[in-house]
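Chains A and B, in that order, are what the protein sequence lines are.
Each residue of the first sequence is one higher than the last, beginning at 7 in this note's numbering.
Each residue of the second sequence is one higher than the last, beginning at 207 in this note's numbering.
Glycine residues also receive a C-beta, built at the ideal position from the N, C-alpha and C atoms.
All figures in this text were calculated on a predicted structure; none of them were measured in a lab.
Step one of this worksheet: look at the structure below.
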Amino acid sequence: GAGVSQSPRYKVAKRGQDVALRCDPISGHVSLFWYQQALGQGPEFLTYFQNEAQLDKSGLPSDRFFAERPEGSVSTLKIQRTQQEDSAVYLCASSLARVPLVNYGYTFGSGTRLTVV
Amino acid sequence: AQTVTQSQPEMSVQEAETVTLSCTYDTSESDYYLFWYKQPPSRQMILVIRQEAYKQQNATENRFSVNFQKAAKSFSLKISDSQLGDAAMYFCAYRSFLIQGAQKLVFGQGTRLTINP
C-alpha cells in the first residue's frame, strides 16, 4: 500500500481484556517497529523486526506484551490482561532498508489509541 | 543509554514570524543521527529534517533549518515564515550510528507549537 496502515484506529478495552493491534507496513519494507506513546509524551520504543525475525524486544514493558510478524509483512502487537497504564497510542513504523548504517527514512502509521477502562 | 530532552512543552508564534524549538541530548557516541518530527492531530509522525553528526554543516529544508552544536549536544529547530499548517507537536529524536541499537529512535517529550493568525 501507499502508507503504513494500522487498525483499529481506536480501541476501548475493559481492564483484564486481551487486545490485538494490527500493523500493515509498506509493501517490501524490511524493517518494522512498534512504539508506545503515552498521553503528552514522546513515543517510546517497544520492539523491532527485520522481516520475520524479532531482533530487539528490549522495550516491551512486561511479559503481557507480545509482538509477531510471522510472514515478514503484517505485524500484530498483542497485550494480555490489559491494565490502565497500558492506555496509550501505539505507533507502527516501517523502513525499506536492511542495513543499519545506511541513512534511511521511516514511515509511520497513524497509530491505534488504546483506552483501558 | 541515550536521552533526549525538550525543555519547552509549548511554544507559540505569530504567522509569518520565526520560531526556534530547543532540544538537547546525552550520548557517549561520536557518530549518530538527529531528527525533528512533526505530529499533527492525525498522529502520524512526519519527518521534518535530519542531521548526521559527522557533518558540520547544518541541515536545511526550505523554511526549516537546524542549529547543531555537537560539543554542547544541542539540536534546535528554526522555522522561518511560520504558517498555520506548521501547528503540531514537534519531537526531537536520536538514532545511534552503531549496528547494535542502530534501528530504534529515542524521542524527546515534545513541544506543542501554536501558530497565531
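Worksheet item: Secondary structure at residue 90 (chain A), three-state DSSP: helix, strand or coil?
Response: Counting from one through the first sequence, the residue named residue 90 (chain A) turns up at place 84. Of the three classes helix, strand and coil, the one that applies to residue 90 (chain A) here is helix, per DSSP.
Discussion item. I'd like to check one pair, residue 21 (chain A) with residue 95 (chain A): are the Cβ atoms closer than 8 Å?
Written reply: Stepping through the first sequence from its first residue, residue 95 (chain A) is reached at position 89. Stepping through the first sequence from its first residue, residue 21 (chain A) is reached at position 15. No; because the gap between Cβ atoms is not below 8 Å, this pair is not in contact.
Item to complete: Sort out for me which residues DSSP pairs residue 404 (chain B) with in a bridge.
Response: The requested residue 404 (chain B) does not occur in the structure, where chain B is confined to residues 207 to 323.
Worksheet entry | Top-ranked residue by Cα proximity to residue 84 (chain A), from A:102, A:116 and A:74 | Here residue 84 (chain A) refers to the residue found at position 78 when the first sequence is read from its first residue. Per the Cα distances, A:74.
Practice prompt. Grab the span of the beta strand (DSSP E) containing residue 295 (chain B) for me, first residue to last.
Written response: Numbered from 1 along the second sequence, position 89 holds the residue referred to as residue 295 (chain B). That run of the beta strand (DSSP E) goes 294–302.
Discussion item. Measuring alpha carbon to alpha carbon, tell me which residue in A:43, A:101 and A:63 is nearest residue 315 (chain B).
Written reply: As a working note, residue 315 (chain B) is residue 109 in the second sequence. Nearest C-alpha to residue 315 (chain B): A:43.
Worksheet entry | Identified DSSP bridge partners for residue 54 (chain A) | The residue labelled residue 54 (chain A) in the question sits at position 48 within the first sequence. A:39 and A:62.
Worksheet item: How many angstroms separate the CA atom of residue 67 (chain A) from the CA atom of residue 33 (chain A)?
Response: Here residue 67 (chain A) refers to the residue found at position 61 when the first sequence is read from its first residue. Here residue 33 (chain A) refers to the residue found at position 27 when the first sequence is read from its first residue. Rounded to whole angstroms, residue 67 (chain A) to residue 33 (chain A) spans 29 Å at the Cα level.
Worksheet item: Three or more beta-carbon pairs under 8 Å between the segment 36–53 of chain A and the segment 225–235 of chain B, yes or no?
Response: no
Discussion item. Rounded to the nearest angstrom, what separates residue 57 (chain A) and residue 102 (chain A) at their Cα positions?
Written reply: Taking the first residue of the first sequence as position 1, residue 57 (chain A) is located at position 51. Taking the first residue of the first sequence as position 1, residue 102 (chain A) is located at position 96. One C-alpha to the other measures close to 10 Å.
Discussion item. Any contact between the segment 248–266 of chain B and the segment 210–230 of chain B? By contact I mean 3 or more CB pairs, one from each, below 8 Å.
Written reply: no
Item to complete: Name, going along the chain, the residues of the segment 243–273 of chain B whose beta-carbon falls closer than 7 Å to a beta-carbon of chain A.
Response: 248, 249, 250, 251, 253 and 258
Worksheet item: For residue 299 (chain B), which residues of its own chain have a beta-carbon under 8 Å away from its beta-carbon, when the five flanking residues on both sides are left out?
Response: Taking the second sequence and counting its residues from 1, the one referred to as residue 299 (chain B) is at position 93. These residues qualify, in order along the chain: 210, 240, 241, 242, 243, 311, 312, 313 and 314.
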